[in-house]
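Visitor:
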Amino acid sequence: MSDTTTFADLGLRAELLAALSALGYEEPTPIQRDAIPPMMEGRDVLGQAATGTGKTAAFALPILQRIESGGSRARPMALVLVPTRELAVQVSEATWRYGRELRARVLPIYGGQPIGRQLGALRDGVHVVVATPGRAIDHIQRGTLALGDVQVVVLDEADEMLDMGFAEDIEAILDVTPADRQTVLFSATLPPRIATIAKRHLREPVRITIERTTGGPDERPPLVRQRAFIVTRAHKSAALGRILDVEAPAAALVFCRTRNEVDQLTETMSGRGYRAEALHGGMSQEQRDRVMGRLRAGTAELLIATDVAARGLDVDVLTHVINYDVPSDPDAYVHRIGRVGRAGREGVAITLAEPREQRLLANIERATSSAIAVEKVPSVAELRARQIETTTEAVRRALTSDDLTRYGAVVDELAPDGDVRRVAEAALKRFHELRAAEVEEADIPEYVPRDDRPSRERRHTTGKPGGRVQRSDGRKTRLFIGLGRSQGIRPGDLVGAIANESDLSGKDIGPIRITERFSTVDVPEAAADAVIAAIKQTTIKGKRPTIRRDRDQERR
Ligand code: AMP
Numbered sequence: 022m023s024d025t026t027t028f029a030d031l032g033l034r035a036e037l038l039a040a041l042s043a044l045g046y047e048e049p050t051p052i053q054r055d056a057i058p059p060m061m062e063g064r065d066v067l068g069q070a071a072t073g074t075g076k077t078a079a080f081a082l083p084i085l086q087r088i089e090s091g092g093s094r095a096r097p098m099a100l101v102l103v104p105t106r107e108l109a110v111q112v113s114e115a116t117w118r119y120g121r122e123l124r125a126r127v128l129p130i131y132g133g134q135p136i137g138r139q140l141g142a143l144r145d146g147v148h149v150v151v152a153t154p155g156r157a158i159d160h161i162q163r164g165t166l167a168l169g170d171v172q173v174v175v176l177d178e179a180d181e182m183l184d185m186g187f188a189e190d191i192e193a194i195l196d197v198t199p200a201d202r203q204t205v206l207f208s209a210t211l212p213p214r215i216a217t218i219a220k221r222h223l224r225e226p227v228r229i230t231i232e233r234t235t236g237g238p239d240e241r242p243p244l245v246r247q248r249a250f251i252v253t254r255a256h257k258s259a260a261l262g263r264i265l266d267v268e269a270p271a272a273a274l275v276f277c278r279t280r281n282e283v284d285q286l287t288e289t290m291s292g293r294g295y296r297a298e299a300l301h302g303g304m305s306q307e308q309r310d311r312v313m314g315r316l317r318a319g320t321a322e323l324l325i326a327t328d329v330a331a332r333g334l335d336v337d338v339l340t341h342v343i344n345y346d347v348p349s350d351p352d353a354y355v356h357r358i359g360r361v362g363r364a365g366r367e368g369v370a371i372t373l374a375e376p377r378e379q380r381l382l383a384n385i386e387r388a389t390s391s392a393i394a395v396e397k398v399p400s401v402a403e404l405r406a407r408q409i410e411t412t413t414e415a416v417r418r419a420l421t422s423d424d425l426t427r428y429g430a431v432v433d434e435l436a437p438d439g440d441v442r443r444v445a446e447a448a449l450k451r452f453h454e455l456r457a458a459e460v461e462e463a464d465i466p467e468y469v470p471r472d473d474r475p476s477r478e479r480r481h482t483t484g485k486p487g488g489r490v491q492r493s494d495g496r497k498t499r500l501f502i503g504l505g506r507s508q509g510i511r512p513g514d515l516v517g518a519i520a521n522e523s524d525l526s527g528k529d530i531g532p533i534r535i536t537e538r539f540s541t542v543d544v545p546e547a548a549a550d551a552v553i554a555a556i557k558q559t560t561i562k563g564k565r566p567t568i569r570r571d572r573d574q575e576r577r
């Protein structure tokens, strides 16, 4: 983290710098620092980076750097291929945000969305197309996606695309792009199949990996208990509140990625009754000093900060470091959690990870050779139990040490006949209400893994029960699809189409049977209707399939 490269140092144009600053990005992440310069030189790049590292901006910014502003009826100059529709939307939204000042036109194309809308947008002209391979092939075959002017092709999450059976589609798409294009491949893992694709389609790529091993055992803070919670974005601030209530830190430092997130979270947590203060690079030294003063004096309990602002911060009152997002690389993680566990005291480091970010957590565990225990967000019942505990502790302290005589008159007035017990109960109730943060009645839903990916990738170090739950009862339904071998259908096409159009992963799908004229595929009963509805809206190998529950299910 000694490197303090700024976005301006990377040579990005003013419109992009303005957009990044408006988004509250304070400095490039490691993958951005490493990938943007070679990409701007036109080099091919082979990057190993998972979601959460900032890889989208790493490829989107150099693409946007090339845009001729004002040129609106352009044929696409960049094509980004992604495995799922969710990612297509996410990447195109991010690219659009970064290219806002340039009025960049970015279009996601994926199966399941009416093709007409995509056609209209393509006709109007776009700069960047973000597509799933299947739908890109559909458009190429219809002659509606012209890739002759493409200067940059990005294969994002290449390993996932191969897992979903898109290898041939990718080859076919690359074949219709200009040979002198720039090709960039990002993948969380680099198995031999990726190396093969890279060898065939990338020219002398610059290899970048952000998974560096840092901090030998002596560098790591020895007394930091490291824990993580998997929560979806929608439940993050509620989960943070719940965790804080149970942990009751004396003072906590909460890290966010951007200034805007710092401001938003500070507002949210203040609204929830915490004494929270923001600290980021946009504040003057005087403002920062004031914030630090409040933290040291104990009038603030939460300091919400960006990495940049917290650099060099030395506060010994801190008991907890909380990563509101998984930091973009292990170095940043080590740096952040080093803020607690000083001077021989035990500190706690808590990381909130979104489901897609579990891979980053595994990277950090590997790079720091330390285990991060994945735990469940405390339930409402656990929280209540904890609040009763703290109330009891507080009253016990008062009984032993405080001078209580002036309250005797209150008891005398309320319980002239001596029913002191009732008075004590009522007083406790009132006290409890006053100090306990408001509890939302609803529990925060536990994140249920979509498939076995996390368990393949990472050891589940949780010591708590109930870490993962089975999603369905395992009952499967056979679906009939009116496409078979004579239409060139292979298992990968079906898995790819179904996985792409629904929430299912490869593991949920199968067995698959392909005959000359039709195919059958088994999917979890609970998802059958959704799969049918989604596949009806899409095309497989350029054809619109018939799909229904297999009537001959029993006999076959
Ligand atoms: P990605 O790995 O591309 O999915 O990005 C993960 C998250 O990091 C997204 O929410 C981005 O908005 C955010 N992000 C990307 N680059 C930066 C940066 N340089 N500073 C702060 N946040 C960033």
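Using the working numbering, the first residue of the sequence shown is number 22, and each one after it goes up by one.
For each residue, glycine too, the CB sits at the ideal point set by N, CA and C.
Evaluate Y428 with the Cβ neighbour count: other Cβ atoms within 10 Å of its Cβ, from every protein chain shown; 16 or more gives buried, anything less gives exposed.
Guide: Flag for Y428 reads exposed.
Visitor: Check whether the Cβ of R278 sits closer than 6 Å to any heavy atom of the ligand AMP, and report yes or no.
Guide: yes
Visitor: Which ranges does the alpha helix (DSSP H) cover as unbroken runs of at least 4 residues, wholly within the region 301 to 359, from first to last along the chain?
Guide: 306 to 318, 328 to 331, 351 to 358
Visitor: With 16 as the cutoff for other CB atoms within 10 Å, does T50 come out buried or exposed?
Guide: By the neighbour-count definition (other C-beta atoms within 10 Å, threshold 16), T50 is a buried residue.
Visitor: The ligand AMP and Y345: does any heavy atom of the ligand fall closer than 6 Å to the residue's C-beta?
Guide: Checking the Cβ of Y345 against the ligand AMP gives no.
Visitor: If you draw a straight line from the alpha carbon of P129 to that of R156, how long is it in whole angstroms?
Guide: Their Cα atoms are separated by approximately 10 Å.
Visitor: Does the ligand AMP have even one heavy atom less than 6 Å from the beta-carbon of P51?
Guide: no
Visitor: Does the distance from the C-beta atom of A624 to that of M182 stay below 7 Å?
Guide: Residue 624 lies beyond the range of the chain shown here (22 to 577); nothing can be said about it.
Visitor: Kindly list the residues whose CB is nearer than 8 Å to the CB of R569, restricted to its own chain and excluding five residues on each side of it in sequence; keep chain order.
Guide: L500, F501, I553
Visitor: Assess, as a yes-or-no matter, whether the region 341 to 351 is touched by the region 64 to 75 under the definition of 3 or more beta carbon pairs within less than 8 Å.
Guide: yes
Visitor: To the nearest angstrom, how far is it from the Cα of R417 to the Cα of E268?
Guide: 20 Å
Visitor: Do Y119 and the ligand AMP come close, with the Cβ less than 6 Å from some heavy atom?
Guide: No, Cβ of Y119 sits at least 6 Å from all heavy atoms of the ligand AMP.
Visitor: If you follow the alpha helix (DSSP H) that F80 is in, where does it begin and where does it stop?
Guide: Its alpha helix (DSSP H) spans residues 76 to 86.
Visitor: Say whether the region 392 to 408 touches the region 244 to 256, bearing in mind that this needs 3 or more beta-carbon pairs closer than 8 Å, one atom from each stretch.
Guide: Three or more Cβ pairs drawn from the region 392 to 408 and the region 244 to 256 lie within less than 8 Å of each other, which places the two stretches in contact.
Visitor: Quick one: give me the first and last residue of the alpha helix (DSSP H) that A436 is part of.
Guide: Element bounds for A436: n/a, residue is neither H nor E.
Visitor: Apart from the five residues on each side of it in sequence, which residues of its chain come closer than 6 Å, Cβ to Cβ, to R579?
Guide: Here the chain has residues from 22 to 577 only, and residue 579 is not among them.
Visitor: Leaving out the 5 sequence neighbours to the left and right, which residues in its chain are closer than 8 Å to V432 when beta-carbon positions are compared?
Guide: Excluding its 5 nearest sequence neighbours in each direction, V432 has C-beta neighbours in its own chain below 8 Å: V441, V444, listed in chain order.
Visitor: I need the straight-line Cα distance from R221 to T105, nearest angstrom please.
Guide: C-alpha of R221 to C-alpha of T105: approximately 24 Å in a straight line.
Visitor: Assuming contact is defined by CB atoms lying nearer than 7 Å, are I37 and L82 in contact in what I supplied?
Guide: Here residue 37 is Leu; the residue named in the question, Ile, does not match the sequence. In contact: L37 and L82 (Cβ atoms closer than 7 Å).
Visitor: Report all residues from its chain with a CB closer than 6 Å to the CB of A436; omit the five preceding and five following residues, and keep chain order.
Guide: Only V444 meet the Cβ criterion.
Visitor: By Cβ distance, which residues of its chain are closer than 6 Å to L41, with the 5 residues on each side in sequence left out?
Guide: F28
Visitor: In whole angstroms, what separates the C-alpha of R405 from that of T421?
Guide: 25 Å
Visitor: Relative to the C-alpha of G359, which candidate in T165, V342, A374, E375 has its C-alpha closest?
Guide: V342
Visitor: Please identify the residue among A318, Q53, L85, P566 whose C-alpha is closest to the C-alpha of A35.
Guide: L85
Visitor: Assign A370 to one of two classes, buried (16 or more other C-beta atoms within 10 Å of its C-beta) or exposed (fewer than that).
Guide: So A370 ends up on the buried side.
Visitor: Can you name, in chain order, every residue of its own chain whose Cβ lies under 7 Å from the Cβ of G303, other than the five neighbours on each side?
Guide: R280
Visitor: Could you have a look at G368 and say whether DSSP puts it in helix, strand or coil?
Guide: strand
Visitor: From D550, R254, I510, R506, pick the residue whose C-alpha is nearest to that of T498; which is it?
Guide: Answer by Cα proximity: D550.
Visitor: Indicate whether at least one CB of chain D lies closer than 7 Å to the CB of A115.
Guide: This model lacks chain D altogether, as it is built from one protein chain only.
Visitor: If I follow the unbroken beta strand (DSSP E) through A167, where does it start and stop?
Guide: It is not in any beta strand (DSSP E) - A167 carries neither H nor E in the DSSP assignment.
Visitor: Find out if the Cβ-Cβ distance for the pair V147, P97 is shorter than 7 Å.
Guide: yes
Visitor: Quick check: the Cα distance between E122 and I88, rounded to an integer number of angstroms?
Guide: 11 Å
Visitor: Could you tell me if the beta carbon of T74 falls within a distance shorter than 6 Å of some heavy atom in the ligand AMP?
Guide: yes
Visitor: In the DSSP assignment, the alpha helix (DSSP H) including V267 goes from what residue to what residue?
Guide: First-last of the alpha helix (DSSP H) with V267: 257 to 268.
Visitor: On the DSSP letters alone, give me the boundaries of the alpha helix (DSSP H) that L382 sits inside.
Guide: 379 to 389
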